[in-house]
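Please read the structure below before turning to the comments.
There are 2 protein chains.
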Amino acid sequence: MNNAKNTVVACCQLAPKIGDLAYNRTLTERAIRQAAFQGAQVVVLPELVQSGYLFADRFEALSLAETVDGPTLQLWQAMARELNLVIVGGFCERLPADELANSAAMIDANGLRAVYRKAHLWDAEKDIFTAGDAPPPVVETVHGRLGMLICYDLEFPEWVRLPALAGADLLCAPVNWPDGPRPQTERPAEVLRVQANASVNRMFIAACDRYGHERGVGWVQGSVIVDADGYPLAGPAEQGGEQLLLATLNLAEARNKRISARNDLHRDRRPQLYG
Amino acid sequence: MNNAKNTVVACCQLAPKIGDLAYNRTLTERAIRQAAFQGAQVVVLPELVQSGYLFADRFEALSLAETVDGPTLQLWQAMARELNLVIVGGFCERLPADELANSAAMIDANGLRAVYRKAHLWDAEKDIFTAGDAPPPVVETVHGRLGMLICYDLEFPEWVRLPALAGADLLCAPVNWPDGPRPQTERPAEVLRVQANASVNRMFIAACDRYGHERGVGWVQGSVIVDADGYPLAGPAEQGGEQLLLATLNLAEARNKRISARNDLHRDRRPQLYG
Numbered sequence: 001m002n003n004a005k006n007t008v009v010a011c012c013q014l015a016p017k018i019g020d021l022a023y024n025r026t027l028t029e030r031a032i033r034q035a036a037f038q039g040a041q042v043v044v045l046p047e048l049v050q051s052g053y054l055f056a057d058r059f060e061a062l063s064l065a066e067t068v069d070g071p072t073l074q075l076w077q078a079m080a081r082e083l084n085l086v087i088v089g090g091f092c093e094r095l096p097a098d099e100l101a102n103s104a105a106m107i108d109a110n111g112l113r114a115v116y117r118k119a120h121l122w123d124a125e126k127d128i129f130t131a132g133d134a135p136p137p138v139v140e141t142v143h144g145r146l147g148m149l150i151c152y153d154l155e156f157p158e159w160v161r162l163p164a165l166a167g168a169d170l171l172c173a174p175v176n177w178p179d180g181p182r183p184q185t186e187r188p189a190e191v192l193r194v195q196a197n198a199s200v201n202r203m204f205i206a207a208c209d210r211y212g213h214e215r216g217v218g219w220v221q222g223s224v225i226v227d228a229d230g231y232p233l234a235g236p237a238e239q240g241g242e243q244l245l246l247a248t249l250n251l252a253e254a255r256n257k258r259i260s261a262r263n264d265l266h267r268d269r270r271p272q273l274y275g
Numbered sequence: 001m002n003n004a005k006n007t008v009v010a011c012c013q014l015a016p017k018i019g020d021l022a023y024n025r026t027l028t029e030r031a032i033r034q035a036a037f038q039g040a041q042v043v044v045l046p047e048l049v050q051s052g053y054l055f056a057d058r059f060e061a062l063s064l065a066e067t068v069d070g071p072t073l074q075l076w077q078a079m080a081r082e083l084n085l086v087i088v089g090g091f092c093e094r095l096p097a098d099e100l101a102n103s104a105a106m107i108d109a110n111g112l113r114a115v116y117r118k119a120h121l122w123d124a125e126k127d128i129f130t131a132g133d134a135p136p137p138v139v140e141t142v143h144g145r146l147g148m149l150i151c152y153d154l155e156f157p158e159w160v161r162l163p164a165l166a167g168a169d170l171l172c173a174p175v176n177w178p179d180g181p182r183p184q185t186e187r188p189a190e191v192l193r194v195q196a197n198a199s200v201n202r203m204f205i206a207a208c209d210r211y212g213h214e215r216g217v218g219w220v221q222g223s224v225i226v227d228a229d230g231y232p233l234a235g236p237a238e239q240g241g242e243q244l245l246l247a248t249l250n251l252a253e254a255r256n257k258r259i260s261a262r263n264d265l266h267r268d269r270r271p272q273l274y275g
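Just so you know, the sequences run in chain order S and V.
Numbered continuously in full-length UniProt numbering, the first sequence closes out at residue 275.
Numbered continuously in full-length UniProt numbering, the second sequence closes out at residue 275.
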């Protein structure tokens with residue numbers, strides 16, 4: 001971990017255009033530069049920001065997919081090197097034998113550090129993607145240990161536990177949260193679950209949502225960066241649309257799981273009882 | 001499950017007096033009668049409402065403990081019979097060989113249905129109580145399937161899963177949430193965790209907190225009844241103090257775990273990956 005106590009983390013809430021790969025690359029380049037200009041050291045982008053989300057079918061998704069050597073990850077690698085950033089973003093990944101994954105890449109100045117493939121697929125994603133079977137990676141970076149998960153994965157607290165128990169200080173979560181009904185005065189449950197996942201693990205979480213209607217679907221637009229107690233440091237924004245959330249995190253706080261003189265959130269677990 | 005679609009659930013946020021067992025019995029009798037008068041069919045009381053919470057030491061706790069045949073559970077059984085209620089409340093339980101448990105009883109018109117012993121102990125509780133090893137019971141009542149957990153147990157989502165997977169429609173949670181610092185405009189994380197636990201399981205939760213300073217400790221006073229999507233139906237109250245929360249729940253909704261055309265919150269779990 002860096003000796004510097006504070007890490008500036010950004011979430012770039014953007015609206016990719018389904019199918020327009022060049023537009024989306026330019027969109028992410030602009031957002032990453034803007035975040036870096038404002039001091040960001042870790043930049044989180046939405047789920048599938050490379051391609052857009054609502055594929056008509058598997059064939060469309062296949063036509064838009066890229067490998068880890070594709071132009072989007074090449075761009076992000078060049079930018080991470082140029083601007084000395086950690087970048088986490090979602091992309092439609094082409095796997096061998098024409099399989100596809102809903103993936104996130106973690107890239108730093110040294111290049112591609114890890115790829116994570118979404119393990120819990122949402123709705124029509126089941127027709128398109130192969131679910132990942134590998135545990136979420138936790139990467140030692142100059143800023144601390146960073147993990148990744150994607151969207152619906154966050155509704156499975158057992159899955160969030162894995163990077164937390166593996167030592168993640170900050171969980172970076174590209175999401176595309178489809179909007180739905182809720183009581184007007186209530187914070188979206190998607191955001192609450194991020195807060196709760198952080199608080200039961202004393203782990204920071206940066207969840208980056210998208211905006212913009214796409215083929216009839218709208219989004220929560222609930223990007224949020226929460227501290228290790230689960231309280232927001234930036235977002236969720238009152239109004240939606242494009243957002244650049246920035247927060248300064250003392251990631252070392254996540255190394256201390258104590259919440260009372262006698263309680264440690266991880267050591268107090270009793271996994272032998274959890275079946 | 002009752003054919004009636006709606007069940008009226010109450011949380012009675014009370015201030016027991018540490019060590020005054022007769023006062024606490026009267027306090028719960030008054031609150032239970034008031035809840036029943038307002039139509040409650042299920043009444044949830046705070047953790048350790050029978051004894052108070054902040055024991056000076058194990059000896060004091062032992063002097064206040066009761067068995068399941070003690071006067072407090074006798075009173076609750078008489079009231080459940082008289083008023084045709086389900087009552088869930090916390091008590092300091094005397095076990096064989098002078099052991100103690102931080103327990104909750106579920107009582108209905110038929111008598112004592114289940115006892116649950118807190119499995120995750122908070123702070124100085126570790127000096128006083130033996131942690132429970134048994135999974136949270138789920139009891140078939142005339143209103144549906146009811147589960148129980150106690151306070152700090154709610155910070156372990158794996159533990160909350162057990163009654164949810166065992167079919168609980170409503171989780172009744174006696175709590176004593178010690179107050180702590182938080183951002184002024186934020187809902188307490190204790191309440192958020194209740195909401196998140198409900199939403200990832202599509203299970204109703206009624207968490208009943210206490211109020212009243214006791215030996216230097218104050219309380220969140222955050223009693224809340226949340227629906228199967230995690231949104232509050234009653235509470236948390238803006239002001240603290242004594243509260244009678246009432247909400248009408250269609251518990252049958254908890255039998256449906258579907259949250260999209262293709263997603264079921266429990267079937268989408270991948271326990272083989274959770275290690």
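Backbone N, C-alpha and C define an ideal beta-carbon position, used for all residues, glycine too.
Closer than 6 angstroms by C-beta to residue i: which residues in its own chain qualify, once you throw out the five before and the five after it? Chain order, please.
i, result
"Ser-199 (chain V)", "Asp-229, Gly-230"
"Glu-253 (chain V)", "Ala-228"
"Gly-111 (chain S)", "Gln-77"
"Leu-233 (chain V)", "Ile-225, Asp-227, Ala-247"
"Val-86 (chain V)", "Val-42, Asp-108, Thr-141"
"Gly-275 (chain V)", "none"
"Gly-240 (chain S)", "Tyr-211, Gln-221"
"Arg-113 (chain S)", "Met-106, Val-139"
"Ala-166 (chain V)", "Val-138"
For residue i, count the other beta carbons within 10 Å of its own beta carbon; 16 or more makes it buried, fewer makes it exposed. Which is it?
i, result
"Thr-141 (chain V)", "buried"
"Thr-185 (chain S)", "exposed"
"Glu-238 (chain V)", "exposed"
"Tyr-211 (chain S)", "buried"
"Gly-222 (chain S)", "buried"
"Glu-93 (chain V)", "buried"
"Arg-117 (chain V)", "buried"
"Asp-98 (chain V)", "exposed"
"Gln-50 (chain S)", "buried"
"Ala-134 (chain V)", "exposed"
"Tyr-23 (chain V)", "exposed"
"Pro-271 (chain V)", "exposed"
"Arg-267 (chain S)", "exposed"
"residue 281 (chain V)", "For chain V, the structure presents residues 1 to 275; residue 281 (chain V) sits outside this window and is missing."
"Pro-136 (chain V)", "buried"
"Ala-61 (chain S)", "buried"
Please work out which residues of its chain come closer than 7 angstroms, Cβ to Cβ, to residue i, disregarding the five sequence neighbours upstream and downstream, and give them in chain order.
i, result
"Asn-250 (chain V)", "Lys-5, Asn-6"
"Leu-265 (chain S)", "Val-200, Asn-201, Arg-202, Lys-257, Ile-259"
"Ala-164 (chain S)", "Asn-201, Met-203"
"Val-8 (chain S)", "Gly-39, Ala-40, Gln-41, Leu-246, Thr-248"
"Val-191 (chain V)", "Gly-222, Val-224, Pro-236"
"Val-217 (chain V)", "Leu-54, Pro-178"
"Thr-26 (chain S)", "none"
Using the beta-carbon of each residue, which ones in chain A are nearer than 8 angstroms to residue i?
i, result
"Arg-182 (chain S)", "Absent from the structure: chain A. Protein chains present are S and V."
Cutting at 8 angstroms between CB atoms, please list the residues of its own chain near residue i, excluding the five before and the five after it.
i, result
"Leu-244 (chain V)", "Ala-10, Cys-11, Cys-12, Gln-13, Ala-31, Gln-34, Ala-35, Gln-38"
"His-120 (chain S)", "Ala-131, Tyr-152, Asp-153, Glu-155, Phe-156, Trp-159"
"Arg-182 (chain V)", "Pro-188, Ala-189"
"Arg-58 (chain S)", "Leu-100, Asp-127, Ile-128"
"Glu-125 (chain V)", "Asn-102, Lys-118"
"Gly-52 (chain S)", "Pro-16, Lys-17, Ile-18, Gly-19, Asp-20, Asn-24, Leu-64, Glu-214"
Can you round the beta-carbon distance between residue i and residue j to whole angstroms, since I take them to be within the 8 angstroms contact cut?
i, j, result
"residue 311 (chain V)", "Gly-144 (chain V)", "Within the shown structure, residues of chain V are numbered from 1 to 275, placing residue 311 (chain V) beyond reach of any answer."
"Ala-105 (chain S)", "Val-68 (chain S)", "7 angstroms"
"Glu-47 (chain V)", "Val-175 (chain V)", "5 angstroms"
"Arg-193 (chain S)", "Ala-173 (chain V)", "Wrong, their Cβ atoms sit about 18 angstroms apart, outside the cutoff."
"Leu-73 (chain V)", "Gly-19 (chain V)", "The pair is not a contact, with the Cβ atoms about 18 angstroms apart (cut-off 8 angstroms)."
"Arg-262 (chain S)", "Asp-179 (chain V)", "In fact, because the Cβ distance is near 18 angstroms, the residues do not count as touching under 8 angstroms."
"Arg-255 (chain S)", "Asp-169 (chain S)", "7 angstroms"
"Leu-171 (chain V)", "Ile-205 (chain V)", "5 angstroms"
* To do: Please specify which runs of the alpha helix (DSSP H), each continuous and at least 4 residues long, are wholly inside the segment 151-188 of chain S, giving them in chain order.
  => 157-165
* What residues in the segment 185-210 of chain V have a beta carbon less than 7 angstroms from any beta carbon of chain S? -> Glu-186, Ala-189, Leu-192, Arg-193, Gln-195, Ala-196, Ser-199, Val-200
* According to a CB-to-CB cut-off of less than 9 angstroms, which residues of the segment 98-126 of chain S neighbour chain V? -> Ala-119, His-120, Leu-121, Trp-122, Asp-123, Ala-124, Glu-125, Lys-126
* **Short-range partners of chain V found in the segment 241-269 of chain S, where Cβ spacing is below 8 angstroms** => Ser-260, Ala-261, Arg-262, Asn-263, Leu-265, Asp-268, Arg-269
* Residues of the segment 156-167 of chain V with a CB closer than 9 angstroms to any CB of chain S: list them in chain order, please. => Phe-156, Pro-157, Glu-158, Trp-159, Val-160, Arg-161, Leu-162, Leu-165
* Residues, ordered as in the chain, of the segment 133-152 of chain V that lie near chain S by beta-carbon distance below 8 angstroms -> Asp-133, Pro-135, Tyr-152
* Asked: At what residue ranges does the segment 221-262 of chain S contain a whole run of the beta strand (DSSP E), taking only runs of 3 or more?
  -> 224-226, 232-234, 243-249, 258-260
* Fully enclosed by the segment 1-68 of chain V, which alpha helix (DSSP H) runs are 4 residues long or longer? -> 21-37, 58-64
* Asked: Quick one: complete beta strand (DSSP E) runs, 3+ long, within the segment 70-94 of chain S?
  -> 86-94
* Enumerate, from N- to C-terminal direction, the unbroken alpha helix (DSSP H) stretches of 4 or more residues contained entirely within the segment 118-151 of chain S. => 125-128
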